[in-house]
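*Asks:* For the sequence shown, full-length UniProt numbering gives the first residue as 1, with consecutive numbering after it.
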Amino acid sequence: MQGGTPGPEQQLIKLAWSVGEARLAEARAVLAGPALMAGGAPDEEAALLRSRASTIAAGTTEVMKNLIAERVLGLPRE
Numbered sequence: 001m002q003g004g005t006p007g008p009e010q011q012l013i014k015l016a017w018s019v020g021e022a023r024l025a026e027a028r029a030v031l032a033g034p035a036l037m038a039g040g041a042p043d044e045e046a047a048l049l050r051s052r053a054s055t056i057a058a059g060t061t062e063v064m065k066n067l068i069a070e071r072v073l074g075l076p077r078e
């Protein structure tokens with residue numbers, strides 16, 4: 001592992017992680033069913049709330065998509 005400033009690849013990793021975490025949390029919520037709404041699934045509830053926060057931390061998903069389009073794919077700015 002080399003030191004230094006993360007490159008544009010870091011944005012791809014962040015986006016993939018955020019989307020994957022959100023999908024997993026949503027699946028856990030579906031499996032928990034009504035227990036989630038009744039307070040009977042605190043782990044699933046926490047995962048669902050945490051996944052929403054991860055799509056905002058270090059830049060929203062939409063901002064990450066724009067950065068990837070511009071910096072990684074070389075597409076023009078919107």
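Just so you know, even glycine gets a beta-carbon here, dropped at the ideal spot from N, CA and C.
Bear in mind the structure is a predicted one, so any value in this text is a computation, not a measurement.
State the Cα-Cα distance for the pair Leu49 and Ala29, rounded to the nearest angstrom.
*Replies:* Using only the alpha carbons, I get a separation of about 11 Å.
*Asks:* Along the alpha helix (DSSP H) that carries Glu9, what are the first and last residues, could you check?
*Replies:* Counting along the chain, the alpha helix (DSSP H) containing Glu9 begins and ends at 9-32.
*Asks:* Figure out for me which residue from Glu78, Val72, Gly33 has the closest Cα to the Cα of Glu9.
*Replies:* The candidate whose alpha carbon is nearest that of Glu9 is Val72.
*Asks:* Rounded to whole angstroms, what's the CA-CA distance from Leu31 to Glu78? Just pull it up for me.
*Replies:* Cα to Cα, Leu31 sits roughly 39 Å from Glu78.
*Asks:* Can you tell me whether Ala69 is helix, strand or coil according to DSSP?
*Replies:* Correct three-state label for Ala69: helix.
*Asks:* State yes or no: is the C-beta of Glu21 within less than 8 Å of the C-beta of Ser54?
*Replies:* It is a contact, given that the beta carbons lie within the stated cut-off.
*Asks:* What distance in whole Å lies between the Cβ atoms of Leu15 and Lys65, which are believed to be in contact at a cut-off of 8 Å?
*Replies:* Indeed they touch by this definition, with Cβ atoms about 7 Å apart.
*Asks:* Start and end of the alpha helix (DSSP H) containing Leu75?
*Replies:* Segment: none, Leu75 is in no alpha helix (DSSP H) and carries neither H nor E.
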